[in-house]
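Note sheet for the following structure.
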Ligand SMILES: NC(=O)c1ccc[n+]([C@@H]2O[C@H](COP(=O)([O-])OP(=O)(O)OC[C@H]3O[C@@H](n4cnc5c(N)ncnc54)[C@H](OP(=O)(O)O)[C@@H]3O)[C@@H](O)[C@H]2O)c1
Ligand SMILES: [Zn+2]
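Residue numbers (this note's numbering): -10 to 352.
Written out as structure tokens, the structure is:
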């Protein structure tokens, strides 16, 4: 599996969380000192990414400004400027400074055919429709990009954070309000699955600089696989019990098996259906079970609970979104797995996605 780049999000916002105001000119939120720090972050990056909205609204050049920093990059054997990256579904003007300024490589991720007019000014890559951010990171990793700086705007920050793909966040907060509800926000509504930890808070010429690091667990890949498990619940036949999906992966995150409640046997649970497909597989010794719901710990329908099946299969790690509510039984899956030395990761931020498939139950 290709290593994805380390992703640092950087944004400047007003006290009330806006990235800009509604006027046609770009609102300057940063001071010169803050711009200088961002210039350093650019110089440390292998690539800089902004969304199509920012290319249209701000027409940024996305270059390292400082001659010293550019010289240092060359001394380190790097290209003078980082690669420029953007994502679009509707295409962009080839005359934008993103494309015309600087002889660095430019990469555009777009659905097939959506950015054909940019082929003479950039490398255009099919990233699915709509562009899949995991796929973008895989592709950048394959191109040797190890550090990616994401500079917005709000649509792009929202997706990176909601998909759990941001490893670090730097927020520079300007000491004033925008107060216009129609202005673009740093992030929009969404489910944000990876908790952030504040690593630094300081003052820089009147701005508050906050730095955060995403929790190691769940990782971006965990979030992706867990969402795949949650989506499988849609395949469940109608039932009066939980509609659950499960995905089993090997140690590298490659899928070994999937399952959903009621698959094969109407009484089957999702984990049970998935594990039945890979019984005795030696990869289970390093596997992770992703389940939309906490694995059950006692049940009447079949002799072994999913917790017991996971223990018996020797699976070391379980990731789930929704701790089983006491609708049918008092669940103890997490406790039993942890007592047996198995690693359990709970992602409560995604609980509403699971509940959406289970509105037939009262909880
Ligand atoms: N203060 C700051 O730090 C800062 C930094 C950057 C930007 N900004 C401000 O932010 C505003 C622009 O933000 P924005 O949210 O409009 O634009 P954005 O986040 O820069 O870009 C969003 C665009 O990305 C494209 N995209 C491609 N795949 C996507 C996917 N899977 N999901 C979502 N989007 C996808 C879409 O382009 P298509 O339209 O082609 O479909 C979408 O409109 C501007 O006002 C700018 O000044 C502020
Ligand atoms: Zn079960």
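Think of the CB as a built atom: it goes at the ideal place given N, C-alpha and C, for glycine as much as any other residue.
Can you list, in chain order, the residues of its chain with a C-beta nearer than 6 Å to that of residue i? Leave out the 5 residues immediately preceding and following it.
i	result
residue 156	-5, -4 and 203
residue 232	222, 225, 250, 346 and 347
residue 63	69
residue 169	10 and 11
residue 190	199
residue 98	76, 114, 116, 120 and 125
residue 55	28
Enumerate in chain order the residues of its own chain whose CB-to-CB distance from residue i is below 7 Å, with the five nearest sequence positions on each side excluded.
i	result
residue 160	0, 2 and 199
residue 174	6, 7, 8 and 143
residue 94	72 and 112
residue 325	286 and 296
residue 176	143, 146, 147 and 150
State yes or no: is the C-beta of residue i nearer than 6 Å to some heavy atom of ligand 1?
i	result
residue 96	no
residue -3	no
residue 93	no
residue 162	no
residue 173	yes
residue 177	no
residue 37	no
residue 40	yes
residue 105	no
residue 151	no
residue 78	yes
residue 143	yes
residue 43	yes
residue 23	no
residue 314	no
residue 119	yes
residue 148	yes
residue 47	yes
residue 15	yes
residue 127	no
residue 199	no
residue 18	yes
residue 9	yes
How close, in whole Å, do the beta carbons of residue i and residue j come, if the pair is a contact with beta carbons under 8 Å?
i	j	result
residue 340	residue 277	Not quite, the Cβ-Cβ distance comes to about 19 Å (not below 8 Å), so this is no contact.
residue 236	residue 153	Wrong, their Cβ atoms sit about 15 Å apart, outside the cutoff.
residue 353	residue 275	Residue 353 cannot be examined here, being either before or after the span of the chain that is shown, -10 to 352.
residue 166	residue 350	In fact, because the Cβ distance is near 43 Å, the residues do not count as touching under 8 Å.
residue 260	residue 292	Residue 260 to residue 292, Cβ: 15 Å. No contact.
residue 76	residue 41	6 Å
residue 150	residue 181	5 Å
residue 137	residue 129	6 Å
residue 234	residue 220	6 Å
residue 74	residue 107	That pair is no contact at about 13 Å.
residue -2	residue 158	5 Å
Taking 6 Å as the cut-off, is the CB of residue i close to at least one heavy atom of ligand 2?
i	result
residue 258	yes
residue 295	yes
residue 225	no
residue 267	no
What is the DSSP secondary structure of residue i, counted as helix, strand or coil?
i	result
residue 219	helix
residue 234	strand
residue 224	helix
residue 90	coil
residue -5	strand
residue 349	coil
residue 323	helix
residue 117	coil
residue 246	strand
residue 175	coil
residue 24	helix
residue 78	coil
residue 146	helix
residue 157	strand
residue 333	strand
residue 194	coil
residue 213	helix
residue 7	strand
residue 44	helix
residue 200	strand
residue 382	Outside the modelled stretch of the chain, which goes from -10 to 352, sits residue 382, for which no answer is possible.
residue 51	coil
residue 125	helix
Can you determine whether any heavy atom of ligand 3 sits closer than 6 Å to the C-beta of residue i, and answer yes or no?
i	result
residue 100	Ligand 3 is absent from the structure shown, which contains only ligand 1 and ligand 2.
Kindly list the residues whose CB is nearer than 8 Å to the CB of residue i, restricted to its own chain and excluding five residues on each side of it in sequence; keep chain order.
i	result
residue 214	236, 238, 242, 244, 277, 279 and 308
residue 331	299, 300, 304, 305, 306 and 307
residue 179	147, 150 and 151
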